[in-house]
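To start, the structure under review is shown below, and the notes come after it.
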Amino acid sequence: MANKLEEWVNLYFDLKSQSKYFTVLTKTVALFSAYTNPFNGIETEEMELFLKLSFWCWHTDDFLEMAIGKGIPFRVLETGLNQLLATLNGDGKCFQGVQGCPGFGFLYNSLLNIQESLQKHNPGYKDSLGSFQFFLRRYFDAMSWYAAGRVDFEYSEETFKFWRRIISFFDGIASIICLVNQIILPTHILKSPLLQRILDITNSSGGFVNDLLGLRKEFQNKEEDNLVVFKVLQKGIPLQVAVREVCDFMKTELMDYMLLRDVILRKFSWEPSLVKYIDILESMMDGHNRVYAHSERHLSVGKVEVTI
8 MANKLEEWVN LYFDLKSQSK YFTVLTKTVA LFSAYTNPFN GIETEEMELF LKLSFWCWHT
68 DDFLEMAIGK GIPFRVLETG LNQLLATLNG DGKCFQGVQG CPGFGFLYNS LLNIQESLQK
128 HNPGYKDSLG SFQFFLRRYF DAMSWYAAGR VDFEYSEETF KFWRRIISFF DGIASIICLV
188 NQIILPTHIL KSPLLQRILD ITNSSGGFVN DLLGLRKEFQ NKEEDNLVVF KVLQKGIPLQ
248 VAVREVCDFM KTELMDYMLL RDVILRKFSW EPSLVKYIDI LESMMDGHNR VYAHSERHLS
308 VGKVEVTI
């Protein structure tokens, strides 16, 4: 599976200066896809689409963080992002490029290939596209917030958590599995406060477990989008205390999740797509722990040393 994804990456991205980065990311996405997708076998067309679109999202996240770090104004980046959203919707002729950001060309060409594959796989794919577009747009808006002003010590921890949940993008990844499998939740369930809180917790799991298991890498790079790093470097809390607080917080979140899951399945027991959606969320919350614990990308093995 990783080899097939690597062949596709070689076609659509410039590996010359970042060969190790792309190799590690390809292996991580392959692991993630295998552990978190409950419906599709490794050799299926649906899994291939999930792999490609998941890789595209992970790489886009890295690309935006790097571009913002270089000081490129987000209004410039938004020009490219809006063109990418239009491309996903089938308007492949809209891309005009972004001055000073050649990386957008690779994102566009690869996304155009994915869009064409989605169209071939399911001519009515746009009917399943709404949720993914919504979550992707919301992620872009959260990154725009970050570009306008870092989410640092001036903010409360609650505001940081709100922002961090959005950029974890677990709800977006879940919507990709729905997209490739043509799973469509009714709008009134998607907008239900019950499901919104469940998705909050899913994003907590995606973001804050990553923050715990990726500590070694993120302290090494002084990455700011990590709750433990925020507590230690921004708020001055000792590392062991910060880790314990995040663990306790996640325990509370998951206890709430189990209660909410039972309620929403009773409330909408007649809707089979909801059962599938919950299966996706739980496969992701369970499977990603193994990815973060063992992937080379997250550097989870070894002692964490902190310099303040």
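Numbering (the working numbering), first residue to last: 8 to 315.
By construction, the Cβ of each residue, glycine as well, lies at the ideal position given by its N, Cα and C atoms.
This structure is a prediction, so every number in the text was calculated from the model and none was measured.
* To do: Please report the Cβ distance between asparagine 89 and tyrosine 19, rounded to the nearest whole angstrom; I am assuming they are in contact, meaning their Cβ atoms lie under 8 Å.
  => Between tyrosine 19 and asparagine 89 the Cβ distance is about 21 Å, and since that is not below 8 Å, they are no contact.
* C-beta contact flag for glycine 107 and isoleucine 79 at 8 Å -> Yes, the Cβ-Cβ distance between glycine 107 and isoleucine 79 is below 8 Å.
* To do: Go through the segment 159-230 residue by residue and report every complete run of the alpha helix (DSSP H) that reaches 4 residues or more, in order.
  => Within the segment 159-230, the complete alpha helix (DSSP H) segments of 4 residues or longer fall at 164-175, 177-188, 194-197, 200-220 and 222-228, listed in chain order.
* Pairwise C-alpha distance: serine 26 and leucine 266 -> Distance between the alpha carbons of leucine 266 and serine 26: 45 Å.
* Asked: Is the segment 235-246 in contact with the segment 153-169, if contact means three or more CB pairs nearer than 8 Å?
  -> Contact holds: three or more Cβ-Cβ distances are below 8 Å.
* Identify which residue in Glu85, Trp15 and Thr43 has its Cα closest to the Cα of histidine 295. => Among Glu85, Trp15 and Thr43, the Cα nearest to that of histidine 295 is on Thr43.
* phenylalanine 39 versus phenylalanine 215: straight-line alpha-carbon distance, rounded -> Rounded to the nearest angstrom, the two C-alpha atoms are 16 Å apart.
* To do: Would you check if the distance between the CB atom of cysteine 185 and the CB atom of isoleucine 271 is smaller than 8 Å?
  => Taking 8 Å as the cut-off, the Cβ atoms of cysteine 185 and isoleucine 271 do not count as close.
* Nearest candidate by alpha-carbon position, reference leucine 206, set Asn188, Asn233, Gln247 and Asp263 -> Selected option, being the one with the closest Cα: Asp263.
* Asked: Would you call the CB atoms of methionine 73 and alanine 41 closer than 8 Å?
  -> In this structure, alanine 41 does not lie closer than 8 Å to methionine 73 by Cβ.
* Contact set for aspartate 182: own chain, Cβ-Cβ below 7 Å, skip 5 residues either direction -> Looking at the sequence itself, residue 182 is serine, so the reference to aspartate does not match. Beyond the five residues adjoining it in sequence on each side, serine 182 comes within less than 7 Å, by CB distance, of Ser138, Phe139 and Phe142 in the same chain, given in chain order.
* Sequence-distant residues of the same chain with beta carbon closer than 6 Å to phenylalanine 46, five excluded per side -> The residues are Asn188.
* Asked: Which residues in the same chain as glutamate 260 place their Cβ atom closer than 6 Å to its Cβ, once the five residues preceding and following it in sequence are excluded?
  -> Cβ within range, chain order: Ile208 and Ser211.
* Buried/exposed call for tryptophan 63, threshold 16 Cβ in 10 Å -> Burial is judged here by how many other beta carbons sit within 10 angstroms of a residue's own beta carbon; tryptophan 63 has at least 16 and is buried.
* Just the C-alpha distance for lysine 34 and tyrosine 28, rounded to the nearest angstrom, thanks. => Lysine 34 and tyrosine 28 have their alpha carbons spaced roughly 10 Å apart.
* **Residue environment, glutamine 247, which counts as buried when at least 16 other CB atoms sit within 10 Å** => Burial call: exposed.
* Hey, quick one: how far does the alpha helix (DSSP H) through cysteine 64 stretch, first residue to last? -> From DSSP, the alpha helix (DSSP H) with cysteine 64 extends over 52-76.
* Residues near serine 280 in its chain [Cβ-Cβ closer than 7 Å; skip 5 each side] -> Annotation for serine 280: Ile190, Ile191 and Leu192 place their beta carbon closer than 7 Å to its own, counting only its chain and skipping 5 residues before and after.
* For glutamine 126, I'd like the list of residues in its chain whose CB is within less than 8 Å of its CB, leaving aside the five on either flank, ordered along the chain. => In the same chain as glutamine 126, and ignoring 5 residues on each side of it, the C-beta atoms closer than 8 Å to its own belong to Gly97 and Tyr132, in chain order.
* Considering only C-alpha positions, which residue in the set Asn10, Gly87 and Leu201 is nearest to phenylalanine 102? -> Among Asn10, Gly87 and Leu201, the Cα nearest to that of phenylalanine 102 is on Gly87.
* If leucine 114 sits next to leucine 91, beta carbons under 8 Å apart, how far is it from one beta carbon to the other, in whole angstroms? -> About 6 Å separates the CB atoms of leucine 114 and leucine 91; that is less than 8 Å, so the two are in contact.
* By a C-beta neighbour count over all protein chains shown, 10 Å radius and 16 as the cutoff for buried, is aspartate 269 buried or exposed? -> Around the CB of aspartate 269, fewer than 16 other CB atoms lie within 10 Å, so the residue is classed as exposed.
* To do: Out of Gln227, Val235, Ser302 and Ile180, point me to the one whose CA is closest to glutamate 289's CA.
  => Of the candidates Gln227, Val235, Ser302 and Ile180, the one whose C-alpha sits nearest the C-alpha of glutamate 289 is Ile180.
* Which residue's Cα is closest to the Cα of alanine 154: Phe147, Phe81, Glu123 and Phe160? -> For alanine 154, the closest alpha carbon among the candidates Phe147, Phe81, Glu123 and Phe160 is that of Phe81.
* Asked: Under the rule that 16 or more other beta-carbon atoms within 10 Å means buried, what is lysine 23, buried or exposed?
  -> Classification for lysine 23: exposed.
* So is glutamate 52 buried or exposed if we call it buried at 16+ other beta carbons inside 10 Å? -> Classification for glutamate 52: exposed.
* Asked: proline 279 lies in the alpha helix (DSSP H); which residues open and close that run?
  -> 279-301 is the span of the alpha helix (DSSP H), which, as asked, contains proline 279.
* Asked: phenylalanine 20 lies in the alpha helix (DSSP H); which residues open and close that run?
  -> Neither: phenylalanine 20 is in no alpha helix (DSSP H) and is coded neither H nor E.
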